[in-house]
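This note's numbering runs 1 ahead of the 1-based position in the sequence shown. Contents: one structure, followed by commentary.
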Amino acid sequence: MDEVSQLANFVATFDRFPARALKLARFGFVDWFGVALAGSRWPAARILSDWAREAAEKPLSTVVGRGFKTSPDRAALLNGTFAHILDFDDTHPEVILHTSAPLCAALLAAAEPVRADGRRVLQSYIVGFEAGVRIARALWPSHYERGWHMTGTAGSMAAAAGVSRLLGLDAERTAVALSLAATQAGGLRVNFGTMAKSLHAGRAAANGVVSAQLAARGFTAAPNGLSGRLGYISVTAEAGGNPAALASGLGERWEIEENSFKPFACGLVTHPTIQAVLELRAELGGGVERLESLRARVNPLVLELTGIARPETGLQGKFSIYHAAAIAWVDGKAGEAQFTDEAVRRPEVRAVLGRVQVEADGNLKPDEAVVEVTLADGTTYRRSVHGQKGTPANPMTEAELAEKFLDLAGPTLGMDRAKELLGALSGFEVLPDVGILLELASGPGPGQRAPA
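Following this line, the structure appears as structure tokens:
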């Protein structure tokens with residue numbers, strides 16, 4: 002049995018899910034609902050919602066936060082995009098894959114019409130997650146270095162795997178679904194800092210739904226569409242990639258345990274610097290006038306991914322290590338409000354931005370940073386971070402994830418409904434129908450206004 006067949010067989014048949022994997026899958030959905038509901042208020046969400054309403058001929062699946070239903074593939078497209086708009090969604094740091102944004106969106110869109118129960122959806126999430134990250138490992142690092150956005154590419158296959166399991170496809174049909182997703186997968190890193198980046202996640206979710214649904218109906222595709230000589234891995238990764246990674250440790254080593262949840266609403270590689278700045282600010286008291294300079298040493302990947310020196314929009318700010326450091330010093334936080342168009346243009350933030358210096362240091366890992374702050378009186382303070390908050394080595398607690406969720410979902414749904422949704426999510430595994438979650442997440446509760 003080749004690697005793709007082994008992977009497809011795992012997706013279709015594995016049934017020995019450890020309790021920790023199920024718990025982390027639930028965490029993935031809690032985080033996903035929070036970031037998606039917050040994202041549903043942003044301009045990109047309005048544009049997509051207007052487009053989808055015009056073609057809502059099969060209103061089967063809920064668009065979160067916007068108060069309407071559309072076809073499953075369009076709901077997946079919108080919800081997957083919403084979840085990635087803020088760049089606040091979870092990330093597998095070793096392959097820079099935002100797995101949950103497309104995977105949760107695809108699963109919920111496909112699950113609602115068939116009234117799937119919570120355990121079925123969680124199990125589908127786990128196999129989709131495990132498949133997606135292994136595909137990313139088979140592509141890493143050359144695929145990413147060439148300019149592909151892993152969330153748009155491997156995320157498509159993660160979504161296809163998850164929905165294949167949800168719909169009960171056998172291993173042969175699952176391999177076809179993966180091949181169909183591969184032939185549609187795309188997303189370019191040149192679009193980081195624009196609306197198109199979040200669209201990659203939405204497109205991946207829609208690809209996953211369409212691929213699994215077509216495979217279920219007997220649509221054909223090359224069964225070796227991932228690993229063949231002309232398959233996705235060989236075509237988009239150097240030296241044929243690493244197809245052996247597809248089946249490595251299936252059912253024994255759990256990639257979901259390496260997932261990271263974000264405490265800050267920006268690119269993951271900026272988080273060690275933000276954490277160091279926040280710790281120094283808490284110690285020193287902050288103050289724009291008191292700051293003479295702020296110097297950060299980071300892994301070279303940080304400047305490659307987030308090197309925008311003077312961002313002009315909030316989306317660009319999410320990919321600016323300079324803005325991330327400046328706003329952390331000025332505001333003492335780095336949440337959704339710190340990465341808006343208004344935030345990057347604030348005079349005090351611009352003033353600090355001009356005092357931020359960032360240097361690449363190949364001796365540092367991507368999850369490490371060293372920050373030095375010099376005050377106006379000439380004193381210098383230093384802080385090092387090794388393994389920032391949210392990583393498996395320093396995880397966010399369930400209470401911290403709940404607080405993040407309420408901060409994000411509350412303004413969209415109203416706090417009472419957001420708390421009701423959080424309560425339902427806490428019992429995800431025993432839900433008789435995940436449509437319960439989507440009804441609560443569909444839009445604002447009584448007395449709340451819908452997003453424009």
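Yeah, the Cβ is synthetic: ideal placement off N, Cα and C, and Gly gets one too.
Is the beta carbon of Gly1 sitting closer than 8 Å to the one on Ala202? This structure leaves residue 1 out entirely; the chain is present only between 2 and 453.
Looking only at its own chain, which residues have a Cβ that is under 6 Å from the Cβ of Ala222, when we skip the five neighbours before and after it? Val177, Ser180, Leu181
Residue from Ala205, Ser6, Arg298 whose Cα sits closest to the Cα of Gly188: Per the Cα distances, Ala205.
Counting only the same chain and skipping the five closest in sequence on each side, list residues whose C-beta sits under 8 Å from that of Glu399. Phe28
Is Ser41 buried or exposed, if buried means 16 or more other CB atoms sit within 10 Å of its CB? buried
Give the C-beta separation of Gly333 and Gly287 to the nearest angstrom, bearing in mind that I take them to be a contact with Cβ-Cβ under 8 Å. Right, the Cβ-Cβ distance comes to about 6 Å (below 8 Å), so this counts as a contact.
So what's Arg383 in DSSP terms, helix, strand or just coil? strand
Is the separation between the beta-carbon of Leu402 and that of Phe262 shorter than 8 Å? yes
Phe265 - partner residues in DSSP beta bridges: Residue pairing for Phe265: DSSP places it in no beta bridge.
Tell me where the alpha helix (DSSP H) around Phe34 begins and ends. Judged by DSSP secondary structure, Phe34 falls within the alpha helix (DSSP H) whose first and last residues are 20-40.
Proximity to Val96 [Cα-Cα], best of Ser228, Ile136, Leu87: The residue with the shortest Cα to Cα distance from Val96 is Ile136.
Do Pro273 and Glu369 count as a contact pair if the criterion is CB distance below 8 Å? yes
Own chain partners of Pro224 with C-beta closer than 6 Å, once the 5 adjacent residues on each side are dropped: Ala176
What does a CB cutoff of less than 6 Å around His387 pick up in its chain, not counting 5 residues either side in sequence? Glu369
Cutoff 8 Å; reference Phe220; Cβ partners in own chain excluding five residues on either side: Val177, Leu181
In the structure shown, what three-state DSSP assignment does Leu295 receive? Residue state, collapsed to three classes: strand.
For Ala45, which residues of its own chain have a beta-carbon under 7 Å away from its beta-carbon, when the five flanking residues on both sides are left out? Thr82, Ile86, Met196, Ser199
Once DSSP output is grouped into helix, strand and coil, what is the label at Leu251? The three-state reading of DSSP puts Leu251 in coil, since its state is none of H, G, I, E or B.
Near Arg298, what residues of its chain come up, given a Cβ to Cβ distance below 6 Å and the 5 sequence neighbours on each side ignored? Glu360, Asp362, Val371
When you compare only the Cα positions, how much space is there between Arg120 and Val31? 15 Å
Ala1 vs Gly68 beta-carbon contact at 8 Å: One cannot answer for residue 1 here, as it falls past the ends of the chain, which runs 2 to 453.
Report yes if the CB atom of Leu292 is closer than 8 Å to the CB atom of His324, and no otherwise. Against a cut-off of 8 Å, the Cβ pair of His324 and Leu292 comes out as no contact.
Within the continuous alpha helix (DSSP H) that includes Ala370, where are the two ends? Segment 369-376 is the beta strand (DSSP E) holding Ala370; no alpha helix (DSSP H) there.
Look at the alpha carbon of Glu404 and the alpha carbon of Leu123, and state the distance between them as a whole number of angstroms. 22 Å
Distance between beta carbons of Gly415 and Gly446, contact taken as under 8 Å: 4 Å
Answer with buried or exposed for Met151, where buried requires no fewer than 16 other C-beta atoms within 10 angstroms of its C-beta. buried
Just to confirm my understanding: we take Leu78, look at its own chain, exclude 5 residues before and 5 after, and list those with CB closer than 6 Å. What are they? Gly203, Ala207
When Glu256, Gly252, Gly229, Leu251 are compared against Pro244, the one with the closest alpha-carbon: Comparing Cα positions, the closest option is Gly229.
Hey, how far is the Cα of Arg174 from the Cα of Thr341? 44 Å
Is it buried or exposed for Arg138, if we count other Cβ within 10 angstroms and need 16 for buried? By the 10 Å Cβ count, Arg138 comes out buried.
When burial is assigned at 16 or more other CB atoms within 10 Å of the CB, is Ser62 buried or exposed? buried
For His144, the nearest candidate out of Glu258, Ala238, Ser165, Ile328 (CA to CA): Ala238
Would you mind sorting Gln358 into buried or exposed? The rule is 16 or more other CB atoms within 10 Å of its CB. With fewer than 16 other beta carbons inside 10 angstroms of its own, Gln358 counts as exposed.
Please report how far the alpha carbon of Ala9 lies from the alpha carbon of Lys319, in whole angstroms. 36 Å
Rank Leu295, Val270, Thr271, Gly268 by C-alpha distance to the C-alpha of Leu1 and give the top, closest one. Outside the shown range of the chain, which is 2 to 453, sits residue 1, and nothing can be said about it.
Can you round the beta-carbon distance between Phe130 and Ala159 to whole angstroms, since I take them to be within the 8 Å contact cut? Their Cβ separation, rounded to whole angstroms, is 6 Å, which keeps Phe130 and Ala159 in contact under 8 Å.
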